[in-house]
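Chemist: Protein chains in written order, with numbering that gives the first Met the number 0: chain A, 0 to 245; chain B, 0 to 245.
Heads up, the beta-carbon is just placed ideally off N, CA and C, and yes, glycines get one too.
In this text the structure is predicted, and so the values were computed from the model without any measurement.
2 protein chains.
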Amino acid sequence: MTAIRGARARARSDITAAIKDEARRQLAAEGAAKLSLRAVARELGMASSALYRYFPSRDDLLTALILDAYNAIGEAAEAADPTAPGRPADAERDTAVDDVDALIGRWTAVCAAVRSWALAHPHEYALIYGSPVPGYHAPRATAEPAGRVALALIAVVRDAYASGTLQEPAGPLSDAVAGEARALAAELDIELPAPVTAVLVATWAQLFGLISFELFGQFHRVIEDRDAFFAHTVRRLAAGVGLAPP
Amino acid sequence: MTAIRGARARARSDITAAIKDEARRQLAAEGAAKLSLRAVARELGMASSALYRYFPSRDDLLTALILDAYNAIGEAAEAADPTAPGRPADAERDTAVDDVDALIGRWTAVCAAVRSWALAHPHEYALIYGSPVPGYHAPRATAEPAGRVALALIAVVRDAYASGTLQEPAGPLSDAVAGEARALAAELDIELPAPVTAVLVATWAQLFGLISFELFGQFHRVIEDRDAFFAHTVRRLAAGVGLAPP
DNA sequence: GGCACAGCAAGAGCAGTGCTCTCTTTTTTG
DNA sequence: CAAAAAAGAGAGCACTGCTCTTGCTGTGCC
Numbered sequence: 000m001t002a003i004r005g006a007r008a009r010a011r012s013d014i015t016a017a018i019k020d021e022a023r024r025q026l027a028a029e030g031a032a033k034l035s036l037r038a039v040a041r042e043l044g045m046a047s048s049a050l051y052r053y054f055p056s057r058d059d060l061l062t063a064l065i066l067d068a069y070n071a072i073g074e075a076a077e078a079a080d081p082t083a084p085g086r087p088a089d090a091e092r093d094t095a096v097d098d099v100d101a102l103i104g105r106w107t108a109v110c111a112a113v114r115s116w117a118l119a120h121p122h123e124y125a126l127i128y129g130s131p132v133p134g135y136h137a138p139r140a141t142a143e144p145a146g147r148v149a150l151a152l153i154a155v156v157r158d159a160y161a162s163g164t165l166q167e168p169a170g171p172l173s174d175a176v177a178g179e180a181r182a183l184a185a186e187l188d189i190e191l192p193a194p195v196t197a198v199l200v201a202t203w204a205q206l207f208g209l210i211s212f213e214l215f216g217q218f219h220r221v222i223e224d225r226d227a228f229f230a231h232t233v234r235r236l237a238a239g240v241g242l243a244p245p
Numbered sequence: 000m001t002a003i004r005g006a007r008a009r010a011r012s013d014i015t016a017a018i019k020d021e022a023r024r025q026l027a028a029e030g031a032a033k034l035s036l037r038a039v040a041r042e043l044g045m046a047s048s049a050l051y052r053y054f055p056s057r058d059d060l061l062t063a064l065i066l067d068a069y070n071a072i073g074e075a076a077e078a079a080d081p082t083a084p085g086r087p088a089d090a091e092r093d094t095a096v097d098d099v100d101a102l103i104g105r106w107t108a109v110c111a112a113v114r115s116w117a118l119a120h121p122h123e124y125a126l127i128y129g130s131p132v133p134g135y136h137a138p139r140a141t142a143e144p145a146g147r148v149a150l151a152l153i154a155v156v157r158d159a160y161a162s163g164t165l166q167e168p169a170g171p172l173s174d175a176v177a178g179e180a181r182a183l184a185a186e187l188d189i190e191l192p193a194p195v196t197a198v199l200v201a202t203w204a205q206l207f208g209l210i211s212f213e214l215f216g217q218f219h220r221v222i223e224d225r226d227a228f229f230a231h232t233v234r235r236l237a238a239g240v241g242l243a244p245p
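Below you can see the structure in the form of structure tokens.
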């Protein structure tokens with residue numbers, strides 16, 4: 000796989016990476032709409048036509064950047080919670096991290112990490128959580144990386160539920176929503192009561208609503224101390240999903 | 000003002016409106032990135048250079064469309080709640096609409112109207128609540144139209160508070176957030192306790208997070224019955240701001 | 001009423017874009 | 001070593017936003 004498959008293959012992946020790096024640089028500087036294949040090629044000292052050997056179209060380049068962005072923000076979320084899925088559950092876990100404070104700590108850590116990544120990479124964030132690029136439909140391959148942040152949030156709630164510290168949300172739940180929640184839980188292979196799943200999905204969307212509003216300027220002249228406001232709201236969201244008493 | 004200020008002025012506003020209409024049509028068909036001044040001019044049967052007499056640049060056309068979109072979605076929100084600000088408070092209001100059910104009804108009506116408008120005008124929605132167009136900074140004039148939806152939501156909560164049916168949210172509130180909330184309430188000239196204001200701002204952002212996720216495809220293969228899910232979540236949001244017991 | 005002038009339309013043109021085609025060079029493979 | 005595959009380079013097409021110059025026309029002033 001990663002063996003030296005000849006200088007050509009090595010050069011190809013190197014150049015592919017260089018193109019993406021330069022594209023990301025332009026993205027950060029000017030935004031997705033101003034990303035120009037010709038400018039990337041110019042900066043890399045190659046003919047613009049040569050670039051089409053690596054990415055058949057501008058949209059394909061954008062797709063690659065979108066995938067990378069999903070993975071980057073997902074990785075940031077996972078790194079913020081050492082007990083996230085994919086890590087082996089070690090023996091000390093049950094005794095050490097399952098009390099309410101620790102669970103809330105994990106929750107806020109994941110949320111804060113997502114926001115930090117977004118603030119550090121606003122244009123890449125806009126690429127994946129802003130308006131979809133016109134005429135572009137996300138290929139199937141983006142589905143899994145796109146779910147990583149959600150899974151990191153789910154992991155915290157799942158652990159809380161497993162340890163019995165989760166306060167199930169009250170309130171009515173229509174049959175339609177309950178069905179949706181059950182189907183989703185089955186597909187993701189998680190064991191959570193339907194009301195919790197429903198609230199979790201809503202909270203997931205709301206978290207990004209918060210971040211998007213901050214990043215896209217809707218909080219301009221409305222909220223100044225965004226750090227404090229975000230921390231406060233994330234804590235309320237945690238209470239909403241049942242990680243703490245309201 | 001609206002008098003016949005000569006055929007010239009009349010023609011000017013007519014043509015300006017025609018340009019915006021055609022631009023909106025292209026926006027709906029292809030999205031903001033593919034909006035082309037030349038194509039608009041072509042469709043209107045005029046030279047592309049002539050269009051610059053009406054809008055000095057493509058960004059200026061977009062700004063006009065953004066303003067219109069803010070006003071349209073704001074109007075939709077206000078129309079959904081006959082007691083929204085700007086309408087004279089009539090005598091029957093206090094006796095008729097201040098019980099819990101009526102308040103929740105007003106709340107869900109406003110939220111549903113906003114979502115409906117968004118679903119009906121996805122590209123215009125993306126223009127105002129999606130990624131900001133690169134290199135474009137919203138002029139001061141957008142601030143007021145942008146706030147109309149928020150004001151419609153505030154009106155419901157304000158009335159609930161005034162009639163004493165509002166359940167103030169519990170939970171700690173940091174000094175920073177309390178200060179922000181008080182400053183905002185003062186600027187908007189509304190009388191609400193700081194915790195309520197803070198929750199209201201967060202809920203406002205969360206509502207658009209929900210709509211954006213639905214519209215931008217994040218709920219693809221996650222939530223199918225979006226109507227039911229939205230209704231359920233909006234009800235929870237209402238409870239969150241204190242319009243109903245949780 | 002005639003007239004200067006501001007507002008308007010049109011065309012040519014510039015610099016830039018995504019993308020395709022052909023032609024040459026380089027590297028891998030049989 | 002020769003054939004084949006891959007990669008680079010350049011020209012070219014159709015398109016974009018935008019500017020400049022050249023005429024035309026409706027409007028208010030004398």
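1) Quick one: what's got a C-beta closer than 8 Å to residue 17 (chain B)'s C-beta in the same chain, skipping five residues either side?
2) So, is the C-beta of residue 73 (chain A) closer than 8 Å to a C-beta in chain B?
3) Could you give the DSSP three-state label for residue 92 (chain B): helix, strand or coil?
4) Nearest by alpha-carbon distance to residue 25 (chain A): which of A:40, A:7, A:147, A:12 is it?
5) Just curious, the alpha helix (DSSP H) that residue 219 (chain B) is in, first and last residue?
6) Sorted by chain position, which residues of the same chain lie with C-beta nearer than 7 Å to residue 218 (chain A)'s C-beta, five sequence neighbours on each side aside?
7) Does the beta-carbon distance from residue 80 (chain A) to residue 105 (chain A) come in below 8 Å?
8) Alpha helix (DSSP H) containing residue 122 (chain B): first to last residue?
9) If the criterion is Cβ atoms closer than 8 Å, does the pair residue 231 (chain B) and residue 172 (chain A) meet it?
10) Select from the stretch 162-179 of chain A all residues with a C-beta closer than 9 Å to any C-beta belonging to chain B, and list them in chain order.
11) Along chain B, in chain order, which residues have C-beta atoms closer than 7 Å to that of residue 222 (chain A)?
12) Can you find a CB in chain B that lies within less than 8 Å of the CB of residue 142 (chain A)?
13) From this set, A:31, A:65, A:244, which residue's C-alpha is nearest residue 167 (chain A)'s C-alpha?
14) Taking 8 Å as the CB-CB cut-off, is residue 155 (chain B) touching chain A?
15) Counting only runs that start and end within the stretch 11-64 of chain B, where is the alpha helix (DSSP H) found for 4 or more residues in a row?
16) Along chain B, in chain order, which residues have C-beta atoms closer than 9 Å to that of residue 239 (chain A)?
17) Nearest by alpha-carbon distance to residue 77 (chain B): which of B:98, B:107, B:56 is it?
18) Taking 7 Å as the cut-off, is the beta-carbon of residue 45 (chain A) closer than that to any non-hydrogen atom of the ligand FAD?
19) Between residue 48 (chain A) and chain B, is there a C-beta pair that is closer than 8 Å?
20) Would the beta-carbon of residue 187 (chain A) fall within 8 Å of that of residue 102 (chain A)?
21) Could you check whether the Cβ of residue 117 (chain B) sits closer than 8 Å to any Cβ belonging to chain A?
22) Taking Cβ-Cβ distances shorter than 7 Å, what residues in chain B pair up with residue 129 (chain A)?
23) Determine, using beta-carbon pairs with one atom in the stretch 190-197 of chain A and one in the stretch 150-166 of chain B, whether at least three such pairs fall under 8 Å.
24) So, with DSSP's three-state summary, where would you put residue 168 (chain A)?
25) Relative to the alpha-carbon of residue 205 (chain A), which residue among B:193, B:32, B:229, B:22 has its alpha-carbon at the smallest distance?
26) Suppose you measure from the CA of residue 191 (chain B) to the CA of residue 179 (chain B); what does that come to, to the nearest Å?
27) Going along chain A, which residues have a C-beta under 7 Å from residue 314 (chain B)?
28) For residue 183 (chain B), go through chain A and note every residue whose CB falls closer than 7 Å to its CB, in chain order.
29) I need the DSSP call for residue 243 (chain B), collapsed to helix, strand or coil.
30) Among the residues of its own chain, which have a CB less than 7 Å from the CB of residue 209 (chain A), if the five just before and after it don't count?
31) Nearest by alpha-carbon distance to residue 176 (chain B): which of A:223, A:125, A:9, A:159 is it?
32) Counting C-beta neighbours from all protein chains within 10 Å, is the total for residue 20 (chain B) 16 or more, i.e. buried, or is it exposed?
33) Of the residues B:215, B:62, B:54, which one's Cα is nearest the Cα of residue 145 (chain B)?
34) Determine, using beta carbons only, whether residue 118 (chain B) and residue 214 (chain B) come nearer to each other than 8 Å.
35) Helix, strand or coil for residue 143 (chain A) per DSSP?
Modeler: So, from the listed chains and residues:
1) Apart from the 5 residues on each side of it in sequence, residue 17 (chain B) sits with its Cβ closer than 8 Å to the Cβ of 43 in its chain, given in chain order.
2) No - not a single Cβ of chain B is within 8 Å of the one on residue 73 (chain A).
3) Residue confidence for residue 92 (chain B) is low, a pLDDT of 47 falling below 50, so the modelled location carries little weight and cannot support an answer.
4) It is A:40 whose Cα lies nearest to the Cα of residue 25 (chain A).
5) No alpha helix (DSSP H) holds residue 219 (chain B); DSSP gives it neither H nor E.
6) Result list for residue 218 (chain A): 212, 225, in chain order.
7) Contact flag set, yes.
8) Residues 121-128.
9) A contact, by the Cβ cut-off of 8 Å.
10) Within the stretch 162-179 of chain A, the qualifying residues are 168, 169, 170, 171, 172, 173, 174, 175, 176, 178, 179.
11) Using a Cβ-Cβ cut-off of 7 Å, residue 222 (chain A) is close to 179, 200 of chain B, given in chain order.
12) Yes, contact with chain B.
13) Nearest C-alpha to residue 167 (chain A): A:244.
14) Residue contact check for residue 155 (chain B) against chain A: no CB pair falls below 8 Å.
15) Entirely contained in the stretch 11-64 of chain B, the alpha helix (DSSP H) runs reaching 4 residues are, in chain order, 36-43, 47-50.
16) Residues of chain B passing the Cβ test: 235, 239.
17) When only C-alpha atoms are compared, the closest one is B:107.
18) The ligand content of the structure shown is nil, which means the ligand FAD is not present either.
19) For residue 48 (chain A), the answer is no, since every Cβ of chain B falls outside 8 Å of its Cβ.
20) No.
21) With 8 Å as the cut-off, residue 117 (chain B) does not count as an interface residue toward chain A.
22) The contacting residues are 129, 130.
23) Touching, no.
24) Residue 168 (chain A): coil per DSSP, three-state reduction.
25) The shortest C-alpha separation from residue 205 (chain A) is found at B:229.
26) Whole-angstrom Cα-Cα distance: 13 Å.
27) Past the boundaries of the shown model lies residue 314 (chain B); chain B is included only from 0 to 245, so the question cannot be answered.
28) Identification of chain A residues near residue 183 (chain B) by a Cβ-Cβ cut-off of 7 Å yields 221, ordered along the chain.
29) DSSP places residue 243 (chain B) in coil when its eight states are reduced to three.
30) Scanning its chain for C-beta atoms nearer than 7 Å, with the 5 sequence neighbours on each side dropped, one finds around residue 209 (chain A) the residues 229, 232, in chain order.
31) With distances taken between Cα atoms, residue 176 (chain B) lies closest to A:223.
32) Answer is exposed; the Cβ neighbour count stays below 16.
33) Checking every option, the nearest Cα to that of residue 145 (chain B) belongs to B:62.
34) Contact flag set, yes.
35) Looking at residue 143 (chain A) - three-state DSSP - the assignment turns out to be helix.
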